[in-house]
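A.B. asks: When we follow my numbering, the leftmost residue of the sequence shown carries the number 5, and every step to the right adds one.
Using N, Cα and C, we set each Cβ at its ideal position, and we do this for glycine too.
Note that the coordinates shown come from a computational prediction; the quantities given were computed from them, not determined experimentally.
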Amino acid sequence: MGFAARRHFLAAAAALVAACSLPAQAAESAWPDKPIRFIVPSAAGGGADTVARLLAQHIGGVLKQPVVVENRAGGSGVIAGNAVLGAPADGYTFMLGFTTMSQLPATSTVKIPYQVDRDFIPVSLVARSSNVLVVNRGSVDVDTVKGLVEALRASPQKYSYGSYGNGSTGHFLGAQFLQETKTSAQHVPYKGAAPMMSDLLGGVVTFAFPDIGSALPHLNSDRIRVLAVTGDKRMATLPQTPTMTELGYQGFNLGAWFGLFAAKGTPDAIVQAMSAQIADAVKAPEVQSKLVGMNLDPVGSDPKTFATFFQTDLKRWAELADKADIRTD
């Protein structure tokens with residue numbers, strides 16, 4: 005092939021490649037040109053559902069396209085995960101995930117049909133929250149975490165802690181507390197936060213690490229007392245309550261979070277665009293006020309920051325699950 009012919013061939017090949025890429029580029033630039041789905045791994049009315057609907061309403065109005073929330077509860081989030089991965093990775097299906105996404109791989113004794121850090125793209129960390137260490141005053145009338153530790157050491161077989169299920173955040177935090185303080189207490193798992201709080205108020209269990217949303221309505225009761233909060237900073241709703249870290253206890257910068265994910269293969273331009281929409285949404289006064297009212301700290305991170313956070317979270321839960329031998333079916 006002569007030089008002129010070769011040059012003509014290469015030019016034609018380049019034109020063909022460019023032409024083939026045009027449909028994908030056009031699809032990305034036109035996004036969104038149809039409704040977007042936010043799949044939620046829990047039932048309607050829960051925290052994740054409420055967060056998803058707040059975002060959907062705001063973002064749908066900005067993008068001039070409906071953002072539809074679909075609840076796919078069950079299987080500890082696996083049903084929702086399969087629904088997202090089973091849809092085209094075209095930027096029209098996302099999942100509003102939460103802490104369970106980083107806990108389940110560490111605790112499940114059943115094989116999960118996907119790998120969360122391989123098959124999902126972190127889009128944005130939407131919001132975070134903290135848990136609180138609460139004691140029943142009738143069971144152990146102490147004012148400080150140090151006082152609780154001393155009581156546990158004095159009577160190692162006497163006390164118990166509740167959680168809202170095996171492998172839940174409260175279970176992890178309770179196990180971390182016993183590991184850190186070298187104490188022991190019987191773990192009592194419940195099917196949800198409501199029955200656990202009822203038994204904590206009744207003195208059936210001695211202490212617990214409920215999420216702040218579940219605990220807050222009961223904190224004015226004279227039957228329980230909050231000793232500390234988890235997380236990186238004090239809570240606006242409990243400004244006088246110290247963090248576990250402030251008190252010298254390590255490994256308690258854990259808590260609940262909500263984040264948006266896309267399936268692997270979703271165009272990066274769309275991932276970045278949706279991340280920007282989330283960041284703007286959580287700053288909008290009507291969204292921000294409702295998130296704060298749910299005792300959540302709005303974040304709205306970029307994809308890279310959320311990916312780093314998610315990898316760290318996966319590692320921390322895995323280490324604690326192995327150390328405390330936390331397993332779920």
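1. Could you compute how far the alpha carbon of residue 162 sits from the alpha carbon of residue 170?
2. How big is the Cα-Cα spacing for residue 168 and residue 299?
3. In the DSSP assignment, find the unbroken beta strand (DSSP E) run with residue 128 in it and report its ends.
4. Any idea if residue 134 is buried or exposed, counting beta-carbon neighbours within 10 angstroms, 16 or more meaning buried?
5. Given this structure, state the Cα-to-Cα distance separating residue 130 from residue 158, to the nearest angstrom.
6. Skipping 5 residues on each side, what residues in its chain have a beta carbon closer than 8 Å to that of residue 26?
7. Extract the residue ranges of the beta strand (DSSP E) inside the region 129–160, only unbroken runs of 3 or more that lie entirely within it.
8. When DSSP labels each residue in this structure, what does residue 70 get in the three-state scheme?
9. Spatial neighbours of residue 311 within its chain, please: CB distance less than 6 Å, with the 5 preceding and 5 following residues excluded, ordered by chain position.
10. Assign residue 57 to one of three DSSP states: helix, strand, or coil.
11. Just the C-alpha distance for residue 333 and residue 90, rounded to the nearest angstrom, thanks.
12. Less than 9 Å between the beta carbons of residue 166 and residue 233, yes or no?
13. Compute the Euclidean distance between the alpha carbons of residue 48 and residue 243, then round it to the nearest angstrom.
14. Of the residues 322, 307, 291, 203, which one's Cα is nearest the Cα of residue 258?
15. For residue 165, which beta-bridge partners are listed by DSSP?
16. Where do the N-terminal and C-terminal ends of the beta strand (DSSP E) with residue 300 fall, by residue?
17. Going by the beta-carbon positions, is the gap between residue 73 and residue 42 smaller than 9 Å?
C.D. replies: So, from the listed chains and residues:
1. 21 Å
2. Residue 168 and residue 299 have their C-alpha atoms spaced approximately 18 Å apart.
3. 124–132
4. buried
5. Approximately 43 Å, taken between the alpha carbons.
6. Because the pLDDT of residue 26 is 44, which lies under 50, any placement of that residue in the model is unreliable, and the question is left without a value.
7. Taking 3 residues as the shortest admissible run, the region 129–160 contains the following complete beta strand (DSSP E) segments, listed from N- to C-terminal end: 136–140.
8. coil
9. Closer than 6 Å at the Cβ level, and outside the excluded window around residue 311, lie 126.
10. helix
11. 24 Å
12. no
13. 31 Å
14. 322
15. DSSP lists 191, 211 as partners of residue 165.
16. Unbroken run through residue 300: none, as it is neither H nor E.
17. yes
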